[in-house]
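K.L.:
Mind looking over this structure? Questions follow.
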Amino acid sequence: MDADIAVVGLGLIGSAALRQLAAGGSSVVGIGPAEPENWSTHQGPFSSHYDSGRVTRRLDARYEWAELASRSIAQYPKLEERSGWKFHSPVGLLFVRNDEVGIGHQREVIERLDLPVAIGRTDDLESGYSFPNGYTVLSEPGPAGFIDPRIMLAAQLAVASQGGATIVRSWVASLERSGGGFRLECADGSEVTAGRVLVTTGPYLNDLLPVHLAARLMPEAVLLGRVSPVEAARLAALPSLIYLPSDPDFDDVYVVPPARYPDGHWYVKIGGSIPGAEPLQSAEEKRSWMAGSEADRQIGWLRPMLERLLPAVTFEAFEAKPCLITDTVHGLPYVDEVEDGLFVAVGGCGHAAKSSDAVGALVGGLVAAGQWNDEALDQSAFRA
Numbered sequence: 018m019d020a021d022i023a024v025v026g027l028g029l030i031g032s033a034a035l036r037q038l039a040a041g042g043s044s045v046v047g048i049g050p051a052e053p054e055n056w057s058t059h060q061g062p063f064s065s066h067y068d069s070g071r072v073t074r075r076l077d078a079r080y081e082w083a084e085l086a087s088r089s090i091a092q093y094p095k096l097e098e099r100s101g102w103k104f105h106s107p108v109g110l111l112f113v114r115n116d117e118v119g120i121g122h123q124r125e126v127i128e129r130l131d132l133p134v135a136i137g138r139t140d141d142l143e144s145g146y147s148f149p150n151g152y153t154v155l156s157e158p159g160p161a162g163f164i165d166p167r168i169m170l171a172a173q174l175a176v177a178s179q180g181g182a183t184i185v186r187s188w189v190a191s192l193e194r195s196g197g198g199f200r201l202e203c204a205d206g207s208e209v210t211a212g213r214v215l216v217t218t219g220p221y222l223n224d225l226l227p228v229h230l231a232a233r234l235m236p237e238a239v240l241l242g243r244v245s246p247v248e249a250a251r252l253a254a255l256p257s258l259i260y261l262p263s264d265p266d267f268d269d270v271y272v273v274p275p276a277r278y279p280d281g282h283w284y285v286k287i288g289g290s291i292p293g294a295e296p297l298q299s300a301e302e303k304r305s306w307m308a309g310s311e312a313d314r315q316i317g318w319l320r321p322m323l324e325r326l327l328p329a330v331t332f333e334a335f336e337a338k339p340c341l342i343t344d345t346v347h348g349l350p351y352v353d354e355v356e357d358g359l360f361v362a363v364g365g366c367g368h369a370a371k372s373s374d375a376v377g378a379l380v381g382g383l384v385a386a387g388q389w390n391d392e393a394l395d396q397s398a399f400r401a
């Protein structure tokens with residue numbers, strides 16, 4: 018199979034880039050496996066978009082992330098309309114913290130982008146959550162809220178296919194230069210040749226590239242608290258939450274309101290950075306974390322916090338899920354040309370799901386034009 022451009026990795030960033038490149042008229046093929054039916058026996062790469070609830074917001078302490086989120090959120094309605102898939106729930110967001118330096122950075126971004134964020138105190142807050150008094154609350158109304166990343170991915174791929182993109186449901190086993198372009202061998206035995214290649218493989222960023230990119234691959238666990246359909250309906254107006262507690266066991270916590278998962282049940286999701294977690298180094302460590310049951314050990318850590326935040330909610334059951342976070346050196350995605358004709362868009366730093374459409378557009382423009390053409394975002398901030 019021949020193409021002008023091959024996109025390797027079809028998570029949220031890769032699928033968004035694929036759609037953008039197809040819309041630009043390029044002959045483009047996207048390569049990436051579907052979600053595995055059995056995680057424990059899957060031998061290929063995993064992705065963190067196997068989920069039904071991710072916080073979306075414009076509010077951030079860093080301008081670049083706020084700008085990318087603003088661009089992406091503005092595109093949600095258009096993507097939903099074109100694909101026929103609804104993935105966005107604009108229930109609003111609460112950001113609760115108690116550190117003046119971080120709040121100051123957020124205030125600067127609020128003013129720079131003129132964000133409609135109200136600032137108050139937990140003492141006066143009636144939200145459905147329970148917090149200690151004395152914390153600062155930054156409240157962002159819809160379209161902040163949450164997205165369903167599984168459905169968002171389906172929407173991106175549907176529109177990419179409408180635009181003429183070819184999708185190969187396998188993973189790339191090898192990537193090498195061939196003639197004036199590249200030859201890619203896939204795990205299913207198929208081959209793709211392309212003049213340019215974009216690698217969007219998330220935590221597997223160094224598995225194919227001829228250069229090594231500095232990144233820290235962190236295991237993260239989430240807890241899903243199952244609620245009844247009646248309870249989910251009662252909580253329909255509950256906003257998403259990011260919470261920075263004064264608790265040595267938690268650097269940060271986020272909560273996604275009830276979302277319906279593929280098994281038909283409704284779940285409230287909580288996640289956070291595992292205390293004392295060590296970066297994953299090898300491919301086997303990544304596979305073991307995602308395919309194994311180590312995440313179950315975090316139930317006893319996350320469940321008390323979820324029940325503390327939502328004491329009036331009746332949970333029917335709990336289950337943990339593993340996740341992988343790819344942290345870059347500068348805290349933004351690597352969006353760059355690392356060798357002639359070889360591009361990357363990797364390193365979500367735990368922020369990328371909500372902003373993936375804009376990151377895909379950013380790298381899509383770079384791949385198509387061969388140069389950086391974004392006037393609002395400095396290319397040096399995204400260098401690999």
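Each residue of the sequence shown is one higher than the last, beginning at 18 in this note's numbering.
Beta carbons: idealized from backbone N, C-alpha and C, even for Gly.
Since the structure is predicted, the reported quantities are computational estimates derived from the model, not experimental observations.
When burial is assigned at 16 or more other CB atoms within 10 Å of the CB, is H229 buried or exposed?
P.N.:
Start at 1 with the first residue of the sequence shown, and residue 229 comes out as number 212. H229 should be labelled exposed.
K.L.:
Does V185 come out as helix, strand or coil in the three-state DSSP assignment?
P.N.:
Counted from its first residue, the sequence shown places residue 185 at position 168. Of the three classes helix, strand and coil, the one that applies to V185 here is strand, per DSSP.
K.L.:
Count the other CB atoms, across all protein chains shown, that sit within 10 Å of the CB of S69; report buried if there are 16 or more and exposed otherwise.
P.N.:
Here residue 69 refers to the residue found at position 52 of the sequence shown. Buried is the call here.
K.L.:
Which same chain residues end up closer than 7 Å to A312 when comparing Cβ atoms and leaving out the 5 residues on each side of it in sequence?
P.N.:
Numbered from its first residue, the sequence shown carries residue 312 at position 295. Correct list, in chain order: A238, A337, K338 and P339.
K.L.:
So, S373 versus S89, is the Cβ gap smaller than 8 Å?
P.N.:
The residue labelled residue 373 in the question sits at position 356 within the sequence shown. The residue labelled residue 89 in the question sits at position 72 within the sequence shown. Yes, these two residues count as a Cβ contact at 8 Å.
K.L.:
Using 8 Å as the threshold, is the stretch 132–149 in touch with the stretch 108–116, meaning 3 or more CB pairs across them?
P.N.:
A contact exists between the stretch 132–149 and the stretch 108–116.
K.L.:
Assign E54 to buried or exposed, taking buried as 16 or more other Cβ atoms, counted over all protein chains shown, within 10 Å of its Cβ.
P.N.:
Within the sequence shown, the letter at position 37 stands for residue 54. Classification of E54: exposed, given that the 10 Å Cβ count is below 16.
K.L.:
Excluding the five sequence neighbours on either side, which residues of its own chain have a C-beta within less than 6 Å of the C-beta of R400, listed in chain order?
P.N.:
Residue mapping note: residue 400 aligns to position 383 of the sequence shown, counting from 1. So the qualifying residues of the chain are D353.
K.L.:
Would L222 and V380 qualify as a contact pair, given that the criterion is a beta-carbon distance under 8 Å?
P.N.:
Residue numbering aside, residue 222 sits at position 205 when the sequence shown is read from its first letter. Residue numbering aside, residue 380 sits at position 363 when the sequence shown is read from its first letter. No.
K.L.:
Alpha carbon to alpha carbon, what distance is there between P62 and S299?
P.N.:
Locating residue 299 in the sequence shown gives position 282, where the first residue counts as 1. Locating residue 62 in the sequence shown gives position 45, where the first residue counts as 1. C-alpha separation (whole angstroms): 12 Å.
K.L.:
Tell me the DSSP secondary structure of I316 in three-state form.
P.N.:
Your numbering for residue 316 matches position 299 in the sequence shown. Note: I316 maps to helix in three-state DSSP.
K.L.:
To the nearest angstrom, how far is it from the Cα of A182 to the Cα of V25?
P.N.:
Position 165 of the sequence shown holds residue 182. Position 8 of the sequence shown holds residue 25. Rounded to whole angstroms, A182 to V25 spans 13 Å at the Cα level.
K.L.:
Between the alpha carbons of R129 and S195, how many angstroms are there, rounded?
P.N.:
Indexing the sequence shown from 1 puts residue 129 at position 112. Indexing the sequence shown from 1 puts residue 195 at position 178. Computed Cα separation, rounded: 47 Å.
K.L.:
Determine the burial state of A334: buried for a count of at least 16 other Cβ atoms within 10 Å of its Cβ, exposed for fewer.
P.N.:
Position 317 of the sequence shown, counted from the start, is the residue given in the question as residue 334. That one is exposed.
K.L.:
Quick check on the DSSP output: the alpha helix (DSSP H) that includes V126 runs from which residue to which?
P.N.:
Counted from its first residue, the sequence shown places residue 126 at position 109. Unbroken alpha helix (DSSP H) run through V126: E117 to L130.
K.L.:
Is Q298 close to chain B? Criterion is C-beta to C-beta, closer than 8 Å.
P.N.:
In the structure shown, chain B cannot be found, because there is only a single protein chain.
K.L.:
Contact defined as beta carbons within less than 8 Å: I believe H282 pairs with R233. What is the distance between those atoms, to the nearest angstrom?
P.N.:
Looking up residue 282 in the sequence shown gives position 265. Looking up residue 233 in the sequence shown gives position 216. No, H282 and R233 are not in contact; Cβ-Cβ is about 34 Å, not under 8 Å.
K.L.:
Checking 8 Å against the spacing of the C-beta atoms, do E157 and R74 come in under that value?
P.N.:
Within the sequence shown, the letter at position 140 stands for residue 157. Within the sequence shown, the letter at position 57 stands for residue 74. A contact, by the Cβ cut-off of 8 Å.
K.L.:
Entirely within the stretch 252–337 and at least 3 residues each: give me those beta strand (DSSP E) ranges in chain order.
P.N.:
Counting only runs of 3 or more, we get 257–260, 270–277 and 283–289.
K.L.:
Can you tell me whether G293 is buried or exposed? The criterion is at least 16 other CB atoms within 10 Å of its CB, across all chains shown.
P.N.:
Here residue 293 refers to the residue found at position 276 when the sequence shown is read from its first residue. When all chains shown are included, G293 counts as exposed.
K.L.:
To the nearest angstrom, report how far apart E81 and K371 are at their CA atoms.
P.N.:
For the purposes of this step, residue 81 is identified with residue 64 of the sequence shown, where counting begins at 1. For the purposes of this step, residue 371 is identified with residue 354 of the sequence shown, where counting begins at 1. Roughly 13 Å separates the two Cα atoms.
K.L.:
I need the boundaries of the beta strand (DSSP E) containing S156, first residue and last residue.
P.N.:
To locate residue 156, count along the sequence shown from 1; it is residue 139. S156 -> beta strand (DSSP E) spans T153 to E157.
K.L.:
Could you tell me the alpha carbon to alpha carbon distance between E98 and I164, rounded to whole angstroms?
P.N.:
For the purposes of this step, residue 98 is identified with residue 81 of the sequence shown, where counting begins at 1. For the purposes of this step, residue 164 is identified with residue 147 of the sequence shown, where counting begins at 1. For E98 and I164, the distance between alpha carbons rounds to 15 Å.
K.L.:
On the criterion of 16 or more Cβ atoms from any shown chain inside 10 Å, does D77 qualify as buried, or is it exposed?
P.N.:
Along the sequence shown, one-based indexing puts residue 77 at 60. With 16 or more other Cβ atoms within 10 Å, it is buried.
K.L.:
State yes or no: is the C-beta of H105 within less than 8 Å of the C-beta of R167?
P.N.:
Residue 105 sits at position 88 when you count from the first residue of the sequence shown. Residue 167 sits at position 150 when you count from the first residue of the sequence shown. Cβ atoms of H105 and R167: not closer than 8 Å.
K.L.:
Could you check if A39 is buried or exposed, using at least 16 other CB atoms within 10 Å of its CB as the buried criterion?
P.N.:
In the sequence shown, the residue the question calls residue 39 occupies position 22. So A39 counts as buried.
K.L.:
Relative to the C-alpha of S397, which residue among G382, P227, Y351 and G365 is closest?
P.N.:
Indexing the sequence shown from 1 puts residue 397 at position 380. Cα-wise, what sits closest to S397 is Y351.
K.L.:
On a CA-only basis, which of V273, L215 and K303 is nearest L323? Give me that one, please.
P.N.:
Here residue 323 refers to the residue found at position 306 of the sequence shown. For L323, the nearest C-alpha among the options comes from V273.
K.L.:
For S57, count neighbouring Cβ atoms within 10 angstroms of its own Cβ and tell me buried if that reaches 16, exposed if not.
P.N.:
Position 40 of the sequence shown, counted from the first residue, corresponds to residue 57. Exposed.
K.L.:
Taking all protein chains shown into account, do 16 or more other C-beta atoms lie within 10 angstroms of the C-beta of E84, making it buried, or fewer, making it exposed?
P.N.:
Position 67 of the sequence shown, counted from the start, is the residue given in the question as residue 84. By the neighbour-count rule (16 or more Cβ atoms within 10 Å), E84 is buried.
K.L.:
Do you know whose CA, among L241, Y146, I22 and E248, lies nearest I259's CA?
P.N.:
Taking the sequence shown and counting its residues from 1, the one referred to as residue 259 is at position 242. The shortest C-alpha separation from I259 is found at Y146.
K.L.:
For Q60, I'd like the list of residues in its chain whose CB is within less than 8 Å of its CB, leaving aside the five on either flank, ordered along the chain.
P.N.:
The residue you call residue 60 lines up with position 43 of the sequence shown. Result list for Q60: R304, in chain order.
K.L.:
Round the Cβ separation of D266 and W318 to the nearest angstrom and send it over; I've been treating them as touching at under 8 Å.
P.N.:
Along the sequence shown, one-based indexing puts residue 266 at 249. Along the sequence shown, one-based indexing puts residue 318 at 301. Right, the Cβ-Cβ distance comes to about 7 Å (below 8 Å), so this counts as a contact.
K.L.:
Quick check for students: name the residue ranges of the alpha helix (DSSP H) that lie wholly in the stretch 28–86, counting only runs of 4 or more.
P.N.:
Fully enclosed alpha helix (DSSP H) runs of 4 or longer: 29–40.
K.L.:
Rounded to whole angstroms, how far is the Cβ of G14 from the Cβ of D268, which I believe are closer than 8 Å?
P.N.:
For residue 14 there is no data in the structure shown, the boundaries of the chain being 18 and 401.
K.L.:
Using DSSP's beta-bridge definition, name the partner residues of A238.
P.N.:
By one-based count along the sequence shown, residue 238 stands at place 221. DSSP output for A238 lists G289 and P339 as bridge partner(s).
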